[in-house]
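Engineer:
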Amino acid sequence: MLRAFCFLAAGLALAAAVLLLVYLADQYDWAAAAGRLINDNTPLAPFLILMAVLPILGFPISVFLVVSGIKFGLLGGILVSTLFYPLHLVLSYYLANSVVRQRLSKMLARWGYDTPRIPGQQLILYGSIFAAIPVIPYTPKNYLLALAGLPFKPYVLICWPIHTALGLPFIFLGQSAVSLDFRVALAAVVLLTGAYVIAVWLRRRYAFSAEEDSEVRKTEAKTR
345 MLRAFCFLAA
355 GLALAAAVLL
365 LVYLADQYDW
375 AAAAGRLIND
385 NTPLAPFLIL
395 MAVLPILGFP
405 ISVFLVVSGI
415 KFGLLGGILV
425 STLFYPLHLV
435 LSYYLANSVV
445 RQRLSKMLAR
455 WGYDTPRIPG
465 QQLILYGSIF
475 AAIPVIPYTP
485 KNYLLALAGL
495 PFKPYVLICW
505 PIHTALGLPF
515 IFLGQSAVSL
525 DFRVALAAVV
535 LLTGAYVIAV
545 WLRRRYAFSA
555 EEDSEVRKTE
565 AKTR
């Protein structure tokens, strides 16, 4: 009984701490200041703690990915980032569906992002496409998909591999900075360029489809 109570108290304390961090990040933007501490000389434990927390609060995960490539090498950087993505997704989903939901929506609006209107019958398809667009930053993307109503299990299973794939070029860049290998840097540039081209195509192709779907629904509503 005592052990269960301790676990419950620890869970509530962690949840309260995360909610407080979101509030402070929204009010004072301290996440950006803390992010300046991140470099290849950052000790391992502080680096991992910052990597667990700051991307949830809006700090670019690309910085951590590049430094991971420098600190841990290519395979190590991929492993570390792959382990952190589900943590960020679970916490982002929890926050987006918690008491700070309204504050998150306002914070995202100040950043220039509105919750996407994803067609209900194609929520998973359009959610996957939205997650695959690399020009949308990591933090807003995680929150927006959760706010859009994507169910938890598909949310994690879709975003996890997509984030892993989109993060590879940045880890390649970090590794190339250490190895001074032109081929690794070239691979990173090719991956980034390919991701951008795919993003442009997806936005044009499926933005049109979404508008078309909306028009069909309006027509059906008028005929009823």
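Under this note's numbering, the first residue of the sequence shown carries the number 345, and numbering increases by one thereafter. For each residue, glycine too, the CB sits at the ideal point set by N, CA and C. Computed from a predicted model, the values in this text were never measured in an experiment.
1) Would you identify the three-state DSSP class for I477, choosing helix, strand or coil?
2) On the criterion of 16 or more Cβ atoms from any shown chain inside 10 Å, does A453 qualify as buried, or is it exposed?
3) Leaving out five residues before and five after L491 in sequence, what residues of the same chain have Cβ atoms less than 6 Å from its Cβ?
4) For Y437 and Y482, which I take to be in contact (beta-carbon distance under 8 Å), what is that distance rounded to the nearest angstrom?
5) Using only the heavy atoms of the ligand ADP, determine whether one of them is closer than 7 Å to the beta carbon of I515.
6) With a cut-off of 8 Å on the beta carbons, I'd call G471 and L489 a contact; round off their distance for me.
7) When we look at the beta-carbon of A509 and count the other beta-carbons within 10 Å, is it buried (16 or more) or exposed?
8) Excluding sequence positions up to five away, which residues of its chain have a Cβ less than 7 Å from the Cβ of L501?
9) Where do the N-terminal and C-terminal ends of the alpha helix (DSSP H) with I483 fall, by residue?
10) Taking Cβ to Cβ, would you say F408 is nearer than 8 Å to P399?
11) What are the start and end residues of the alpha helix (DSSP H) that includes S425?
12) If you run the structure through DSSP and keep just helix, strand and coil, what is G402?
13) With a cut-off of 8 Å on the beta carbons, I'd call F416 and M395 a contact; round off their distance for me.
14) From this set, K450, G413, L512, C503, which residue's C-alpha is nearest L431's C-alpha?
15) Alpha carbon to alpha carbon, how far is I515 from G421? Give it in angstroms, no decimals.
16) What is the DSSP secondary structure of L512, counted as helix, strand or coil?
17) Inspect the beta-carbon positions of I382 and V411 and report whether they are closer than 8 Å.
18) What is the DSSP secondary structure of W455, counted as helix, strand or coil?
19) Looking at the secondary structure, which residues open and close the alpha helix (DSSP H) in which P460 lies?
20) Going by alpha carbons, who is nearest to S406 out of P505, L512, Q466?
21) How big is the Cα-Cα spacing for V424 and L388?
22) Under 8 Å, do N486 and L433 count as touching if we go by C-beta distance?
23) So, helix, strand or coil for P495, using DSSP?
24) To the nearest angstrom, how far is the alpha carbon of S553 from that of L517?
Structural biologist: Short version:
1) Three-state DSSP puts I477 in coil, outside helix and strand.
2) Burial is judged here by how many other beta carbons sit within 10 angstroms of a residue's own beta carbon; A453 has fewer than 16 and is exposed.
3) So the list reads A440, T459, once near-sequence residues are dropped.
4) Between Y437 and Y482, the beta carbon gap of about 14 Å keeps them out of contact (Cβ cut-off 8 Å).
5) With respect to the ligand ADP, the structure offers nothing, as it holds no ligand at all.
6) Between G471 and L489 a beta carbon distance of about 6 Å is seen, short of the 8 Å cut, so the two are scored as contacting.
7) By the beta-carbon neighbour count (other beta carbons within 10 angstroms, threshold 16), A509 is exposed.
8) Excluding its 5 nearest sequence neighbours in each direction, L501 has no C-beta neighbour in its own chain below 7 Å.
9) Rather than Ile, the amino acid found at residue 483 in this sequence is Thr. DSSP places T483 inside the alpha helix (DSSP H), whose first and last residues are 482-491.
10) Cβ distance < 8 Å, so F408 and P399 count as in contact.
11) It spans 405-440 - the alpha helix (DSSP H) in which S425 sits, taken as one unbroken run.
12) DSSP, read as helix, strand or coil, puts G402 in coil.
13) Between F416 and M395, the beta carbon gap of about 11 Å keeps them out of contact (Cβ cut-off 8 Å).
14) With distances taken between Cα atoms, L431 lies closest to C503.
15) Cα-Cα distance, rounded: 6 Å.
16) In this structure, L512 counts as helix in the three-state DSSP scheme.
17) Contact: yes.
18) Residue state for W455 is assigned as coil, using DSSP reduced to three classes.
19) Taken as a continuous stretch (DSSP letters only), P460 belongs to no alpha helix (DSSP H), as it is neither H nor E.
20) Of the candidates P505, L512, Q466, the one whose C-alpha sits nearest the C-alpha of S406 is L512.
21) For V424 and L388, the distance between alpha carbons rounds to 12 Å.
22) Cβ atoms of N486 and L433: closer than 8 Å.
23) DSSP, reduced to helix, strand and coil, places P495 outside both helices and strands of the structure shown, so it counts as coil.
24) Confidence at S553 is low in this model, with a pLDDT of 44, below 50, so its placement is unreliable and no value can be given for it.
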